[in-house]
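Here is the structure we will look at, set down as structure tokens.
Numbering (this note's numbering), first residue to last: 1087 to 1326.
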């Protein structure tokens, strides 16, 4: 199978808001999963559907492509990796192509009447990494970006983008009970690395690290305050 091109239109699983649609959340799944799979997993964890009064949730599915860590096997992944490690170069060619594809999704929301600063992007595992590339490198004017159990490579292009941008989306990172110690370490290290990059996070001052306590209750540390919030409500509404 050939590599994914920028002209691909992603399959989308959509959760409509209960009331008037005024904001959108784009939630990217992890490697080998699907939009529907992520939506189902969240429902199982929360014991209820993740829904909002005003936010539409879009769960796109990554197109199948050869995946090097699977010895070239076909998988639903957002981009290719040379290996599953933070100590190697990023496969920027595939990352950049998918940024183009996901930009079409953002553009569709804007065309439907949703302002860019009312769109939040994030994801789980590989989806969180993809979301950071999408927001920090291509769409700094979105409402915010979050990553759940994700990590960035040490020489990630995201860090380079942050060092050259004065205005950036707010960022949240979540460590779940299912996260391995290694990924959790990389996740936390990436958060500190991002926070130390010379950039003015003046548009979104709420730069949060979210530590899992007992799903769906999580602890947020931000602005020198420690508080518990409901993941399925307060965190996203905080930005939208």
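Even glycine gets a Cβ: it sits at the ideal position worked out from N, Cα and C.
Computed from a predicted model, the values in this text were never measured in an experiment.
- The beta carbon of residue 1099 sits closer than 6 Å to those of 1121, 1122, 1125, 1145, all from its chain and outside the five residues before and after it, given in chain order.
- The Cβ-Cβ distance between residue 1209 and residue 1217 falls below 8 Å.
- Under the rule that a run must span 4 or more residues, the alpha helix (DSSP H) segments found entirely inside the stretch 1115-1155 read 1121-1132.
- If you compare the alpha carbons of 1172, 1193, 1202 with that of residue 1236, the shortest gap goes to 1172.
- In this model, residue 1150 and residue 1203 are separated by some 30 Å (Cα to Cα).
- One Cα belongs to residue 1249, the other to residue 1170, and the distance between them is close to 25 Å.
- For residue 1097, the enclosing beta strand (DSSP E) begins and ends at 1097-1101.
- Between residue 1142 and residue 1135, the C-beta gap is not smaller than 8 Å, which leaves the two residues out of contact.
- Here residue 1182 carries a helix assignment [DSSP, helix/strand/coil].
- For residue 1248, the enclosing alpha helix (DSSP H) stretches over residues 1243-1250.
- In chain order, 1152 place their CB closer than 6 Å to the CB of residue 1158, counting only its own chain and leaving out the 5 sequence neighbours on each side.
- Classified as exposed, residue 1104 has fewer than 16 neighbouring CB atoms from the shown chains inside 10 Å of its CB.
- In the three-state reduction of the DSSP assignment, residue 1104 falls in the coil class.
- Under the DSSP definition of a beta bridge, residue 1160 partners with 1152.
- Within the stretch 1186-1235, the runs of beta strand (DSSP E) at least 3 residues long that lie entirely inside it are, in chain order, 1205-1210, 1230-1234.
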